[in-house]
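Visitor: Residue numbers (the working numbering): 1 to 230. Beta carbons are placed, not taken as given, at the ideal position from N, Cα and C, and that holds for glycine. As the structure is a computational prediction, the values presented were derived from the model and not from experiment. I am attaching a structure below and will ask some questions about it afterwards.
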Amino acid sequence: MFRAFLHEQDDPEACYSLLARDAVDQVESYDGPVAGRTVLDVGGGGGYFTAEFRRRGANAFLFEPDLAELGQKPPDSAVVADGYLLPVRDGAADVTFSSNVLEHVADPETFLSELARVTRPGGLIYVSFTNWLSPWGGHEWAPWHYFGADRARARYLRRTGRPAKHTLGENLFAVHIGSTLRQVRARDDVTVVSARSRYWPFLAEAVVKAPGIREFATWNLLLILRRCPA
């Protein structure tokens, strides 16, 4: 998985296809086969995750607010919609899926509330995000974000000759593991099934339990949530 990320910029098709297969494997490990189930992919960009869910027989729908992220060939029935206000009835989804989106929203709590709203009681909510203090927290200008976002962006421009895609406080936000776990565990609409590092092949749950260390070592936090009964 790490090797795939090294080629995210030069071979995004291979990188995100592998990531999608791994993510759907994770969903099925917690909730069984997705075939025949309704899955909402919120903020799924070019539709790699939606495509993998559909390949396995799910009724999967993509919701993405940014037309540019949808790319040249978005999945059929993709909907341009904000994750804060999805055009979906309450409890419509068996699985609500959001991969690497939370760090791109200014109000994570409202975003999570919307994911919970559209998920049926007992349904599964998959949320992963790259935390700010991880080596990849600055995205394309990582790991230089440790020296300040403005400095990191300036370095990216000098090195590549083009402006960085992400700007801290506009489309990238400093999300932390400790505060996110406290917020999620305090909610009354979901229960936490698992909190683990998404990509670690070992000690995936143990590293998340170590305050301080987890902010640097987790890299990407995966939350598996279960929608509480209404």
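Between the segment 116–126 and the segment 87–97, are three or more C-beta pairs nearer than 8 Å?
Guide: Three or more pairs of CB atoms, one per stretch, sit closer than 8 Å, so the segment 116–126 contacts the segment 87–97.
Visitor: Could you tell me whether the Cβ atoms of Glu-52 and Val-24 are closer together than 7 Å?
Guide: Translated into the one-based positions of the sequence shown, residue 52 becomes position 52. Translated into the one-based positions of the sequence shown, residue 24 becomes position 24. Yes.
Visitor: Output needed for Ala-58: all residues of its chain with C-beta closer than 8 Å, excluding positions within five of it in sequence on either side, in chain order.
Guide: The residue given as residue 58 occupies position 58 in the sequence shown. The answer, listed in chain order, is Val-34, Ala-35, Gly-36, Arg-37, Thr-38, Val-39 and Val-95.
Visitor: Using the Cα positions of Tyr-126 and Asn-100, report the straight-line distance between them to the nearest angstrom.
Guide: Here residue 126 corresponds to residue number 126 of the sequence shown, with the count starting at 1. Here residue 100 corresponds to residue number 100 of the sequence shown, with the count starting at 1. One C-alpha to the other measures close to 10 Å.
Visitor: Please state the DSSP three-state secondary structure of Phe-173.
Guide: Here residue 173 is taken as the residue at index 173 of the sequence shown, counted from 1. Correct three-state label for Phe-173: coil.
Visitor: Buried or exposed: where does Gly-150 fall if 16 or more other Cβ atoms within 10 Å of its Cβ makes it buried?
Guide: For the purposes of this step, residue 150 is identified with residue 150 of the sequence shown, where counting begins at 1. Here residue 150 is Asp; the residue named in the question, Gly, does not match the sequence. Exposed, since its Cβ has fewer than 16 Cβ neighbours within 10 Å.
Visitor: Just tell me which of Arg-214, Thr-130 and Gly-161 has its CA closest to the CA of Ala-174.
Guide: Here residue 174 corresponds to residue number 174 of the sequence shown, with the count starting at 1. A check of alpha carbon separations from Ala-174 across Arg-214, Thr-130 and Gly-161 identifies Thr-130 as the nearest.
Visitor: Under the assumption that Phe-63 contacts Leu-86 (Cβ atoms under 8 Å), give the Cβ distance between them as a whole number of angstroms.
Guide: Reading the sequence shown from its first residue, position 63 is the one you call residue 63. Reading the sequence shown from its first residue, position 86 is the one you call residue 86. Yes, they are in contact, since the Cβ atoms of Phe-63 and Leu-86 sit about 6 Å apart, within 8 Å.
Visitor: By Cβ distance, which residues of its chain are closer than 6 Å to Ser-194, with the 5 residues on each side in sequence left out?
Guide: On the sequence shown, position 194 is the one that residue 194 refers to. Only Ile-224 meet the Cβ criterion.
Visitor: Report the option in Thr-110, Gly-161, Ser-134 and Ala-60 whose CA atom is closest to the CA atom of Gly-212.
Guide: By one-based count along the sequence shown, residue 212 stands at place 212. When each option's Cα is compared against that of Gly-212, the closest is Ser-134.
Visitor: DSSP on Leu-85, reduced to helix/strand/coil?
Guide: Within the sequence shown, residue 85 is the residue found at index 85, counting from 1. In this structure, Leu-85 counts as coil in the three-state DSSP scheme.
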